[in-house]
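Have a look at the structure below before the remarks.
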Ligand SMILES: Nc1ncnc2c1ncn2[C@@H]1O[C@H](COP(=O)(O)OP(=O)(O)OP(=O)(O)O)[C@@H](O)[C@H]1O
Ligand SMILES: Nc1ncnc2c1ncn2[C@@H]1O[C@H](COP(=O)(O)OP(=O)(O)OP(=O)(O)O)[C@@H](O)[C@H]1O
Ligand SMILES: [Mg+2]
Ligand SMILES: [Mg+2]
């Protein structure tokens, strides 16, 4: 096809490497497609799993003279140079989910990862108030990976959680359910009964990680009594709702924060607004909500949940 | 089986390797296929065995035309092909190689014991002393060649093609082979025998066919011609062979260029000898006598447990091969395919490699110099090649060997170790190469030749060391050389008695 | 005088023979000792079986990879193939309600996936590296497209019986362990006792010689990929049962590297021609033991990779006897 | 009668010669045509230079990989080495404030990283696959540990001049393009015009024969890794300048596969012994063109991988002339 005269929106996101990114891509594409059809503009949607490649995609789209670019960086700072090329070219730039320190795009929009961590810390304090009063509470940490988002969640957690929480061991799961499952299985099969029984909570960065841990706990046939009382996730997806219904484990509570893949739609909407020449705020935070056994049924009736599973 | 090949043509790109060649073999005959290097012998046999298809012409077996020959099909038709270049799987055992493609199997399961027994039976029948369970990669070159031959004898065949089967073999092993060939011939098996060793051809063959430059020249009974006539037929001009050493003043000087003192390796012990300026020393022995490893050890390519090798500058540190080369020693290795050629590289690159390693000083390679370097060797040894930028694998076996020789001649070393240097080289060129080696000696170089071929030994040797079980059994001076003596000493005469 | 010398020799030869043929056992045992030192409870039955359970899914793929590598080829499409097949397998399971059909589907799909690799390599004359790089990329893309980012989750009614396949035990032995051992034995028999196995090694050792011996090289190569693909199918089935939910984007990620690493650490040469199935088996377990030791020793998570790298090098160095 | 026949023949031969020696050009041109059809503005100067800019960082690594593969080896540590060196390089830059020192550090670090691979391969007698698998894992781990999850970001004062290295132009030509072309030319000269280059091919072709020709096989192999490592260092330097911030966990992810793919698509045999530097150069550009075409044609994101896989297969099939 030749060149069209329609304005162009470029969207660049991470590639699908785990559930959250994959579902987000689907929402992002659906939204941009819908808006493009409704309002008669053209769009390019590109995913890449690494910053160099994302920079390439940004530059390629920039070469097509877009009216706006919506960028979800793999990691914020690494895209600074590419982002600067966009603003240097006078193209409005919406940045989603990550920040580029010291760089001001047209608008930023993100879920609030620090808030999620802080909220989890408070929830943990509350949940274990009795135990904390008595002494230390041991927990295991299962990280997503070593990028900024999980770091923000952990740092948020540490900033609010009681100093009596004692992290016994930390794992890097690369967001993989299978990895977290194997790590938990190994832990359960190699640690002493006393060690295993001392663990009361598990702090994680994602629902999928929780699924693996739950499977591992179900597979455990050893002599230790499992004293884990609370496991948290982030995302609040369908699978986690099923855990509230019936996790197959007794005496374990779950908690998660909404962090919907459909949030990327908001970023695309902002992109459209920028295309229309509307002035935007510099920064938008998409509120997140704590979900546990007390409110999950309500949540499943909410608009947020419905949009998430509308595709 | 009666085989006729009619008007076969085959080209490789611009090279016409075969032009309308016709050739036939009757049942129970041993048919010598003669020709210079690059005449098209191997190509003709490759067509027969289905390695690649002919461009035109027919293969007719017992009156029926065979279309679309493949290696598998030719195997099924009881045609066996012993390839000129070793083609064994080094990672497999001897018996597995022998049965490859035609296993004794039921429901896909290999009957290992049956195979081992049968393979061992053939190996023993041939008097090889090879264990059917050994890993082929651990065998010496001569043993590998014997395995290739044994492989052809495993099943009842009707035609056995032997493309230079004896290049690495000793007289005794060749005699063994001939005994077996004669027996099989009496049972109606036919052979196509390709060799550049005229005495062998005249000993074993009934018929001959001569090819020259891809064309058919002549066919007939071997009894109707003699060696000299045959040689002239295949080179297409008159040929005067004389003994190169007779009547020549000996150039042997008194300076010792290479001194080997109580050298011990994995398969040889306490080997001591010295080679003087202008001297050609031949070392010979049966497979298993340690000659294979001695050759590489002299060059720093096999581990030495004990002993020293010295040049005029004193004992060599044997740090690495390059240092040995820089000390003025060159080595033409045996087993061209495995140790000699760099198959993905061009003729020119192969030809220059040794020079690069030991002598090249400039930052860049000059195409012009490399071209001249090859032109020199091509002229010296009459190498049949198209462009020097063709891959070396496009050459016939003998021509590849000449390139390898040329590669080492370019080094201008003081001491030459030549391990089976004329493997696969045709009669005319061999003579030229013997002349070359004698000239090198006359120019003051020291030459050590590892050889098992008596005529070659006789053309070259000032002295001959005969190895037996890893030790020097005897040293024969030129005047004492005879085939019988060499054979006696290499089979242990004078040793077992002690 | 000769006799002691000879005796000496034969002792030395035997030792050489052992270190040569059983070198993978050597590094395996060293690792095992390290593991036990780090934590004596490593040797508990529950932990030992757990090593097999965790190794099974990748381990079954590694058996297929052994053939591929022994023939001098490579397969990068493992992880994507597993993701594709298990995602589709869950769909088949949910829609038919039959575990048997799901299993048959997985095996059949694996066979087809392998066949496609094989045909492209043999008929297309494209290097296995490129072919499987392309199919790696293609299958991941297909399953992502089909899943549209969402997971493939086993429906609630089928959850318990389907999960029991991977989670269950037979006479106290986990099913996954049995599957893994069975596949190992079958593969070892194929490679050690059949014509086909010999051909695989022959092709890896000297393809031209194999061809000249009348072996249908293309056919054998295709069969190798088909066998490997079928094992990926089995592996996909077991993975689905183990996770009961397959995330298209990440399932099976990195399996090819794990499988190749297991084969290589098990002493199979990457150049083809030689390889021991039992070596691959031990290689899979060694990788598992390394992971377990990292957890037992509470190595800081960011340093896991460094320690893992060092252990791999040391384990392989231990195999390389001095020449 | 003979003359027209001969003419015919030589035309055929010439054609064979072309398709044989220039087959990588063939698929390159086909791809270019596809790109132009998808979007005629592909041929604009800005877009063309952009292909080089985008290919440069991986492309420079691919030049090193060309040598490694031509010698019959492999290097999986590319991405992690780049991440390690560029992370540390940024630290050096920030603490010294000198771009030159940063460059020298990157080159030196690359040299050392390559040397470690080389020594382990040659003195340790470990297969390159395993060695570089281990170093891949180790370097990533080291830089993660040093960064503790955070990025290495160029300090504010140095940002503008440092970014200008990768972002700048000289006479209208982007610096990255110049770097890429320069490294290609140097590598092509080394491989085509020096004895070292000949040694590399010789080792890849027949290691035993190479050794018996006096080539110091271990020494050459080590040098190959050192050369490759130094190029990874250069590449890391340019990446740091291009991104101005290095995320330890993800920087350089997958570069090894891209580099290997470029080499393979460029017509270098994975078995070693042959290879054309210009082929790798075109291979890098082909991968770029494929990505660009995917964007231009607005292929649905989940289907990118499928389309990419198919294009790779077709491009390589186009190279394989019928025999
Ligand atoms: N694969 C090939 N590609 C190109 N040319 C080839 C190829 N194989 C053989 N030739 C050419 O065909 C001609 C015949 O070669 P062939 O190998 O049949 O000779 P030969 O009679 O067996 O010689 P020798 O005695 O040296 O083995 C030679 O000119 C050779 O260069
Ligand atoms: N054995 C070898 N294999 C490959 N390359 C080599 C070898 N030896 C040297 N080179 C390369 O060629 C260059 C030139 O070598 P040169 O002949 O000058 O070395 P040299 O000074 O004789 O070496 P040495 O001091 O080790 O004897 C060396 O610096 C090295 O880069
Ligand atoms: Mg021949
Ligand atoms: Mg020097």
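Protein chains in written order, with the numbering used here: chain U, 1050 to 1360; chain B, 40 to 537; chain P, 29 to 351; chain X, 29 to 351.
Ideal Cβ placement from N, Cα and C applies to all residues, glycine included.
None of these values were measured; they are calculated from a predicted model.
A Cβ-Cβ distance of about 4 Å is found for the pair residue 1202 (chain U) and residue 1166 (chain U), placing them in contact under the 8 Å criterion. Remark: the C-beta of residue 80 (chain B) is in contact range of ligand 3, defined as less than 7 Å to any heavy atom. Judged by DSSP secondary structure, residue 259 (chain B) falls within the beta strand (DSSP E) whose first and last residues are 254-260. When Cβ-Cβ separations below 8 Å define contact, residue 216 (chain P) makes no contact with chain U.
Annotated three-state conformation of residue 1305 (chain U) is strand, per DSSP. Interface criterion met: the Cβ of residue 135 (chain B) is under 8 Å from a Cβ in chain P.
At a cut-off of 8 Å between beta-carbon atoms, residue 295 (chain P) makes no contact with chain X. Following the DSSP letters along the chain, one finds residue 109 (chain B) in no beta strand (DSSP E), marked with neither H nor E. P:262 is the residue among P:278, P:279, P:262 and P:276 whose C-alpha sits nearest the C-alpha of residue 89 (chain P). Distance from the CA of residue 401 (chain B) to the CA of residue 224 (chain X), rounded to the nearest whole angstrom, comes to 12 Å. For residue 244 (chain B), not one C-beta of chain P is nearer than 8 Å to its own C-beta.
Within the segment 236-247 of chain P, contact with chain B at the beta-carbon level (separation under 9 Å) is assigned to 236, 237, 238, 239, 240, 241, 242, 243 and 244. Around residue 1120 (chain U), the same chain offers 1061 and 1144 as residues with beta carbons nearer than 6 Å, after the five sequence neighbours per side are excluded.
Inclusion of residue 432 (chain B) in the 7 Å shell around ligand 1 follows from its C-beta lying nearer than that to a non-hydrogen atom of the ligand. Chain-order list of chain P residues neighbouring residue 1177 (chain U): empty, with the shortest C-beta distance near 23 Å, by a criterion of under 7 Å. For residue 1218 (chain U), DSSP records a beta bridge to U:1189.
Around residue 336 (chain P), no beta-carbon contact reaches into chain U at under 9 Å, the shortest distance being about 12 Å.
Counting along the chain, no beta strand (DSSP E) covers residue 80 (chain X); the unbroken alpha helix (DSSP H) around it starts and ends at 73-98. Counting C-beta atoms within 10 angstroms of its own C-beta, residue 258 (chain X) has 16 or more neighbours from the protein chains shown and is therefore classed as buried. Residue 258 (chain X) sits in a helix when the DSSP states are folded into three classes.
Ligand 3 never approaches residue 462 (chain B) closely enough for any of its heavy atoms to be under 7 Å from the residue's Cβ. In its chain, beyond the 5 residues on either side, 219, 228, 229, 232, 296, 300, 301, 302 and 303 have a beta carbon closer than 8 Å to the beta carbon of residue 98 (chain P). Close CB contacts of residue 1303 (chain U) within its chain, under the 8 Å cut and outside five residues either way in sequence, are with 1259, 1279, 1280, 1281, 1282, 1289, 1292, 1293, 1296, 1341 and 1342 (chain order). Contact between residue 55 (chain P) and residue 314 (chain P) holds: their C-beta atoms lie close to 7 Å from each other, under 8 Å. Contact residues of the segment 1118-1146 of chain U toward chain X are 1123, 1124, 1126, 1127, 1129 and 1130 (C-beta to C-beta distance below 7 Å).
For residue 478 (chain B), the enclosing alpha helix (DSSP H) begins and ends at 466-481. At a Cβ-Cβ threshold of 8 Å, residue 272 (chain X) and residue 182 (chain X) count as neighbours. Within the segment 1340-1360 of chain U, those residues whose Cβ lies closer than 9 Å to any Cβ of chain P are, in chain order, 1358 and 1360. When beta bridges are read from the DSSP output, residue 370 (chain B) appears opposite B:456. About 15 Å separates the Cβ atoms of residue 1262 (chain U) and residue 1187 (chain U), ruling out a contact at the 8 Å cut-off.
Of the heavy atoms belonging to ligand 3, at least one sits nearer than 7 Å to the Cβ of residue 435 (chain B). Taking 8 Å as the threshold, the shortest C-beta distance from residue 388 (chain B) to chain X falls below it.
The Cβ atoms of residue 345 (chain X) and residue 114 (chain X) lie no closer than 8 Å to each other. The Cβ atoms of residue 489 (chain B) and residue 334 (chain B) lie closer than 8 Å to each other. In the three-state scheme derived from DSSP, where H, G and I count as helix and E and B as strand, residue 117 (chain B) is classed as coil. Against chain B, the CB of residue 234 (chain P) has a partner CB under 8 Å away; the residue lies at that interface.
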